[in-house]
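What the sequence shown shows, in the working numbering, is residues 28 to 1140, in sequence order.
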Amino acid sequence: MIEDPEYIKLEGLITNDQDMSLRKSLLSGRTSRRISDNSTTENSLQQSIQETVERNPCKRISLHQACKDGLADAVERLITANPSVCNEYDKDGMAPLHHAARGNFVKIIKLLLKAGADIDIPATKSCMYMTPLICASKFDSFDACRALIQNGAQITRQTCNGQSPLHYASRKGHTRVLEILLNEGGAHVDQEDNDKATPLHTAAQAGQIEVIRKLMFYRADMVRRDNDGYIPLHLAAREGHVESFRELLKKAKSGGLSTKTLLNSPDNYGNVCLHLAVKHGHVEIVELCLESGADISTAQEDFSTPIHLACSHGNLDITKLLVEHGAKIESEDGDGLTPLLRASLGGHVPIIEFLLEQGAQLYPVRENCSPSPLMCAVKRSQHNAVRYFLERGYPLKYKDLNWRTVLHVAVACADIETVDLILENGGHSLLESKDQYGKTAIHYAAATCNVDIVNRLILVGADVRAKDNEERIALHFAAEAGAFGAVQSLLGACPESVNDIDYGSCTPLHFAAAKGRDKVATNLLQNGAEVDYRDDERYTPLFHATICGCSATMDTLLYFGADINALEKSRKPPLIFAAFFKHNNNFRKLVRLGADITIVSTTGYNCLDAAIKAGNKEVCMEIIKHENWREVFSNTKCEGVSPMRRLIERFPDVAKLVLDKCIEHSPLLDTDPNYTITLDFSFIFPNSDEEFDFNQERYNGLKTMLDSGREELLFHPLTRELVRMKWRQIGLTVFFTGAILYLTFVSVFSQYLYCNSPVSHGKIHCNGSREYSQDLKCHEQKKHCSDSWMYSEEIFLLVFCTSNLLLEAYQLFNERWLYFDLTNFLEVSTYVTTIIAVAPPNGSVVEGEYQWAVGIIALLIAFFAMLVQLQLLFCSGIYVTMLFEVLNSVYKVTVMFSVLIVAYGLIFYLLLGDELSYTSPYMSVLKVFDMMAGGVEFNHYFVENLNLRMPDLARFICFTFILVMSISLMNLLIGLAVGDIESVQKNAELKRLKTQIESLSEFEKKLPSKMKDRLYSPKLVLWPNSGSMSFVSKLTWSLGLVDYAPVRMMEKTKPSHEEDKMKELQEQLRTQQESLYTLRKELRSQRTILEDISINMGARSSQINRTNLMDDF
């Protein structure tokens, strides 16, 4: 059956209003069927009649509906059939016990409890988790409350906002339920909700005077505060419950509390009872407060007193009452405003009249800088108050602290009615009055874009050419604000003002362009504005439009003939500003229309420098595509070096595009014998006496790529070919000379160690030998290992090592921490150990084994150092670098698995300690390395060995060793070395290239300038199809001294005609798109003008919804 509409309202679960009104009109009882919320009114009516006339509704009634309607027999039948439904929720989120408690059906409550219903079952969140006891308290179900309490219902349960049964009973005024809760339930009289409000707070707020008396009888706390700092007295005053307020005062007085203290006690916001009563207009409460001792001058946090509040809210009765009780009418609040000024701001004329009758100060005093009442009324557009003051002859001469008159304020507030009132009452004298910035009323009107006020002021004779302190006229402000109508009116009043300038020589067109006011700029130009007029910074309007980034305004200026290459004070054109402020579309437009990209300012900037400084990558790309890109890149005035260095550091992909364009292919076929490739190195390798930055460091593109970590640029064909050319010029001569000297040193040192070896002086005895072969050896030994020969070798080795150590020390002093690398370590180690092995020079055989052992180590290190040097001399030296890369991986793996190596070494030592190879842990670990390489010798040690203790265990350990170390670990090492060979090769190639660049750079620094100039070659022409090759080229190529791979890689850099066509098509599409956008904008503006004309002529209403046809376009 359908619910009671009043019941649904009380539950806060009202469905749609149409359905509710239908239910009220059809049903007077509570026995009709539910009408579907989703059906129409007619269908709902027919369904309702069908449910009640053609069917017996009691046959299909639910437990919840039976509890609502109080049908005890139906309830008993339903719970007997299915007791589990006692705690089920209906669609509103309530259990059957809630409905029984709400309807005060005690019998049903007992039936439900007997069937196992939860007495404290909470409703769902939509019903705020109310318990049946709360529901009974809310709807004054006295008997239900008693029954629930007697059956053990918890009195302290609360809803989701903390409201208890006592709160609901207090708010609703159910005194009988209140007594049951307090007496039989034992509820706490000062129980708090989530806002710390007690039942006394809720009763005072609702004005339940009987509840207040009951609660005070049970000693409720009158001074307890909620979260807002309210005591019950505050709430009664705020809501205007006079009797409740009087009762609380009476109870406070009888309880020994000071009523004056309570009345003057503020809440958390500084409001006392008097403030709250004044704010909400409760006159009787105000009177009670004053009679009971409330302080009439108590101020809020903003220092507003009660009379300020009364005047602000426009309550005349309260104002009179406060004045009668001695309120000061000249007191000031926190803003320095008196009650009269507050009343003027609110436009409360009766209060203004009353205050003036009481002697309030009408005219402002100059000493305190307070505004006038008229100005306050004008500021808030209080027309009645303004008219009141003006009709009584209030003088208009008063100004505020900034020298503004009432006309200034009225115009600034854009209130034309107030302006008319002022002009009709002598305001013409204020037309030329200026504020402290020199602005008149028409300046304000233009700045606020109010066309009607501008026209009104022009009509009454305002000077449109009046200038403020910055020498700006109203047209400047209108143009800056984009007020098209105001600009038209001002130009109509004075066409000669179109080119008036301010103190900075800016015309209105400058201001319109700076703010992107396209429509206004067009109007100004059509009325004679100079398109290329320059301000004090030599900016034309085009400069301002470019800085603003407004493409439409730029189009307008260029259409009217603006100079696209105009220069400002520092000789910057608009193109540089477009690049710097990242207006990329505007930059393209300027370039397409013929802007010169090669212009350089007096500070050394061109458009590329500006784009790089602003981080504008897209503009850099556009510049490179321009036909004059080389001239742009040739500018070195900005930082003393080519912009290419900054591109390498910041935009490597842009730098790559530059390198691609530095490789020029002849227009001949690739197979033509005369086909050439021209390489331009000037942007990455300038001349020796050019391109020094402010730190006097010479620009070197290769070194910049290396320092910035630009691997892609280092592997570029142009970079590789430059390194190859420089290596051919310098490396083949200088580094080979050094390599030959080092080879000589290694050869002499090897001969020296051979003469000192035991083979030469311990096993062959030259004295008394009779065999021919021994005599021959003795002869050779005497010839090459004589004392004089040995002495000369010692001197050579000492001089060579000492001189090289001095060079290494000098290198360490210059490079500091950069000095420490593998090559320098090997070289220094070689020289130091060689000196130890040779010194002191005496020409005799080394007696001790210590020096000879050190010499052996020195010779090994020397050969390693020579191997490192070879990686620079030959193209195949990359394999040396790869060797060291693989050694690095092997070292890491060995360190990681050193635990297993030591473990197997110790185990084999314990098992095979009798064998010669395992006599000590040290020898055993060495043998483990040998076994890892394949020297297991299983038969010898583990089969034929008769002295083997525990042979089965030993063979098992050997099996695990073969499985883990010989198979798994060795395959892992091989996989690391071979499987990742591509990355190893790439890293090795990069490392070799870096080493070459560093070596060439360091050597070039030491060359004299004339030698650098002689070696400098900005361009190189290659003939890929030329079959002739010189003998030197063939020799260097066959020896692997020079790499010709970059020549083959350059074929990939040849631009294809298809790409050129695609770029051309993209550019045409971009141009068409911009043209369509411009056409669309013009059509839209014309449509707007035509619609405005039709509206003004009355042919069309402005309220008609207009379809934007341009969206379809």
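Each residue gets a CB set at the ideal place from its N, CA and C atoms; glycine is no exception.
None of the values given here were measured: they were computed from a predicted structure.
Contiguous alpha helix (DSSP H) elements confined to the segment 574-633 occur at 578-586, 601-607 and 611-619, taking only those with 4 or more residues. For the pair A122 and V305, the Cα-to-Cα distance works out to about 46 angstroms. Taking C-beta atoms as the reference points, L242 and C300 fail to come closer than 8 angstroms.
Within the DSSP secondary-structure output, T705 pairs in a beta bridge with E691 and V1048.
Counting only residues of its own chain and dropping the five nearest sequence neighbours on each side, R407 has a CB closer than 6 angstroms to the CB of L372.
A straight-line Cα-Cα distance of about 31 angstroms links S397 and I485. Within the model, the alpha-carbon separation for I345 versus S197 is close to 31 angstroms. Shown here, R737 sits in coil according to DSSP, grouped into three states, outside any helix or strand. When only Cα atoms are considered, L741 and L706 end up about 16 angstroms apart.
With fewer than 16 neighbouring CB atoms inside 10 Å of its own CB, F890 falls in the exposed class. In chain order, I443, V446, D447 and L450 place their CB closer than 8 angstroms to the CB of R483, counting only its own chain and leaving out the 5 sequence neighbours on each side.
Rounded to the nearest whole angstrom, the CA to CA distance from V216 to V392 is 57 angstroms.
DSSP places T151 outside any alpha helix (DSSP H), giving it a letter other than H or E. Going by C-alpha positions, N915 is about 15 angstroms away from V895. One alpha carbon belongs to Y906, the other to M893, and they sit about 14 angstroms apart. Looking at the DSSP output, R407 bridges to nothing.
A check of alpha carbon separations from Y156 across G667, S168 and D119 identifies D119 as the nearest. Residue range W656 to F660 is occupied by the alpha helix (DSSP H) that includes W656. The C-beta distance from K730 to I994 rounds to 48 angstroms, too long to meet the 8 angstroms contact threshold.
Taking every protein chain shown into account, the CB of C316 has 16 or more other CB atoms within 10 angstroms, so this residue is buried.
Y421 counts as buried, since no fewer than 16 other beta carbons sit within 10 angstroms of its beta carbon.
In terms of Cβ geometry, S1044 and N727 do not form a close pair [threshold 8 angstroms]. By the Cβ rule, the segment 181-197 counts as touching the segment 147-165, because three or more pairs are nearer than 8 angstroms. Residue range F511 to A520 is occupied by the alpha helix (DSSP H) that includes S516. DSSP places R203 within a helical segment (H, G or I) once states are collapsed to three. Look at R1114 here: in three-state DSSP terms it is helix. No Cβ-Cβ contact shorter than 8 angstroms links S524 with V481. A check of alpha carbon separations from F827 across R843, F776 and K954 identifies F776 as the nearest. Secondary structure at R1107: helix, using DSSP grouped into helix, strand and coil.
For R104, the three-state secondary structure derived from DSSP is helix.
It is roughly 21 angstroms from the alpha-carbon of Q463 to the alpha-carbon of A508.
For H340, the enclosing alpha helix (DSSP H) starts and ends at P333 to H340.
Distance between K137 and R251, taken at the CA atoms: about 39 angstroms. Burial check for H610: the Cβ neighbour count within 10 Å reaches 16 or more, so the residue is buried.
For the pair of segments examined, the segment 166-179 was found to touch the segment 205-222: the number of CB pairs separated by less than 8 angstroms reaches three. Contact annotation: I650 and C634 have beta-carbon atoms nearer than 8 angstroms.
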